[in-house]
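**Student:**
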Amino acid sequence: MRQGMHTNSSTVDLDCQTDDDRARLAGVPYWDCRVRAGDALYIPPGWWHYVKATTTSFSVSFWWS
Numbered sequence: 001m002r003q004g005m006h007t008n009s010s011t012v013d014l015d016c017q018t019d020d021d022r023a024r025l026a027g028v029p030y031w032d033c034r035v036r037a038g039d040a041l042y043i044p045p046g047w048w049h050y051v052k053a054t055t056t057s058f059s060v061s062f063w064w065s
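Oh and the sequence shown: position 54 is 54 in full-length UniProt numbering, straight run, nothing missing.
Below is the structure:
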């Protein structure tokens, strides 16, 4: 099994950004979404995303063939 960062992962830690990170991300469009109990969120293939749970949570990822 291969170790290390995946090739589809960002090197920017959004929970701990440096000044350089913030400068590089300035102007990058994004959507902010709050998913609540009973909601589901579909993220299209190839879309980068960042998830942060604000409470105890459970998520499932499935890669369609």
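By construction, the Cβ of each residue, glycine as well, lies at the ideal position given by its N, Cα and C atoms.
This structure is a prediction, so every number in the text was calculated from the model and none was measured.
Would you list, in sequence order, the uninterrupted alpha helix (DSSP H) runs of no fewer than 4 residues that lie entirely inside the UniProt domain "JmjC" (1–65)?
**Tutor:** 19–25
**Student:** When the distance is taken between beta carbons, is Y42 closer than 7 angstroms to L14?
**Tutor:** no
**Student:** Considering only the alpha carbon of each residue, which of D20, R34, G27 and V28 lies closest to S57?
**Tutor:** R34
**Student:** Residues in its own chain within less than 8 angstroms of V12 by CB, not counting five upstream and five downstream?
**Tutor:** D21, R24 and L25
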